[in-house]
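In the working numbering, the protein residues as written are 196 to 314.
Glycine included, C-beta positions come from ideal geometry on N, C-alpha and C.
Computed from a predicted model, the values in this text were never measured in an experiment.
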């Protein structure tokens, strides 16, 4: 029987963070753009950066300062329960997360390159 992703573990700068279910990511790569002509649509390609969005749980061991964009690039890893790991060596946080009083902090990373490791 086929399986699907059920759990995604997130590591930022070598540290594992608790995240809520619903982590989503898009791998970097080429994207198609529509180019409208007189009576048809043509296609051009452009590079599309990758992204990862996750809601990190702020705890006594993980505070929002660890997601400061001023820290620059770092390694982001996403490990799935299917045995696949995505490594993004040059990820960076786009903006400071908005921390909520329930411990949630949505964080968005931009991604440029990646390596996919399958078990």
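Assignment of residue 261 by DSSP, reduced to helix, strand and coil, places it in the helix class.
Scanning the segment 242-295 for uninterrupted beta strand (DSSP E) segments of 3 residues or longer gives 245-252, 269-275 and 279-288, listed from N- to C-terminal end.
Taking a C-beta distance under 8 Å as the contact criterion, residue 288 and residue 309 do not qualify as a contact pair. Annotated three-state conformation of residue 216 is coil, per DSSP. In this structure the segment 269-284 does not lie against the segment 293-300, because fewer than three pairs of beta carbons, one per stretch, are closer than 8 Å.
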